[in-house]
Amino acid sequence: MEDSELWDLFRAGNQLAYTQLVNKHYKPLFNYGRRFCQDREFLMDCIQEVFYELWNRKEKISSTPSVKWYLFKAVRLRIFRDQAKWTKNEEITDEYNFLVEFNIESKIINDLEINDLSVKVKNILNALPPRQQEIMYLRFYEGLTLNQISEIMGITNQSLRNLLQKSYKSFRAEWISLLVFLPYLKFI
1106 MEDSELWDLF RAGNQLAYTQ LVNKHYKPLF NYGRRFCQDR EFLMDCIQEV FYELWNRKEK
1166 ISSTPSVKWY LFKAVRLRIF RDQAKWTKNE EITDEYNFLV EFNIESKIIN DLEINDLSVK
1226 VKNILNALPP RQQEIMYLRF YEGLTLNQIS EIMGITNQSL RNLLQKSYKS FRAEWISLLV
1286 FLPYLKFI
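At position 104 of the sequence shown (counting the first as 1) the number is 1209 in this note's numbering, and the numbers step up by one without a gap.
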């Protein structure tokens, strides 16, 4: 069943649809939350509170074009709102750490088995500033649209596009020579 169908059934009070939404989205939400805070218990509490509030407000919640977007935004807002409860007393500002280990093989390079290439891509992506890493993660790992990402991160579409362009520019600057040489790698 599609997310939108599950969402509508959940809003109508269907407990099975609600359970399926929780089961489907819990792990991606947890993985996303880990980029901000390493306190597992706190993150589980945040996600549980989001789903608890959803169930209690199900009659008042409207439909959404993307359930995934809605849940990512809700969890991100909960994490930032409740940051004072973090056991590590980490503070998040615009300079927060967005911790991500890019899994190059499955998301960016897919079928290329060139170890040096994988390492170089991983290093370039991990060298990006935290906000750019977050954008790349949401765009290419979670498949969210630019509008959804700007909503989740609470920035304008133009700011998002500027950050994304900076990410691309950083990436391209490192790879200009490789792009010229890459077509010839198949013949070596």
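Quick reminder that beta carbons are idealized off the backbone N, C-alpha and C, glycines included. These numbers come from a predicted model, not from an experiment.
- With 16 or more other Cβ atoms inside 10 Å of its own Cβ, residue 1180 counts as buried.
- Under the 8 Å Cβ criterion, the region 1141–1150 does not count as touching the region 1108–1116, having fewer than three qualifying pairs.
- Scanning the region 1225–1291 for uninterrupted alpha helix (DSSP H) segments of 4 residues or longer gives 1235–1241, 1251–1258, 1262–1290, listed from N- to C-terminal end.
- From the listed residues 1272, 1165, 1178, 1119, the smallest Cα separation to residue 1133 is found for 1178.
- Taking the C-beta atoms as reference points, residue 1137 is found nearer than 9 Å to residue 1247.
- In this chain, the alpha helix (DSSP H) harbouring residue 1179 covers 1172–1186.
- Distances from the alpha-carbon of residue 1262 to those of 1240, 1235, 1166, 1276 put 1240 closest.
- In the DSSP annotation of this structure, the continuous segment of the alpha helix (DSSP H) that includes residue 1151 starts and ends at 1145–1161.
- By the C-beta density criterion, residue 1167 is exposed, having fewer than 16 other C-beta atoms within 10 angstroms.
- In the three-state reduction of the DSSP assignment, residue 1165 falls in the coil class, being assigned neither a helical nor a strand state.
- In the structure shown, residue 1118 adopts coil according to DSSP, grouped into three states.
- When only Cα atoms are considered, residue 1268 and residue 1278 end up about 15 Å apart.
- Residue 1110 sits in a helix when the DSSP states are folded into three classes.
- Here residue 1114 has 1122 as same chain residues with Cβ atoms under 6 Å from its own Cβ, once five neighbours each way along the sequence are excluded.
- The criterion of a C-beta distance shorter than 9 Å is satisfied by residue 1173 and residue 1253.
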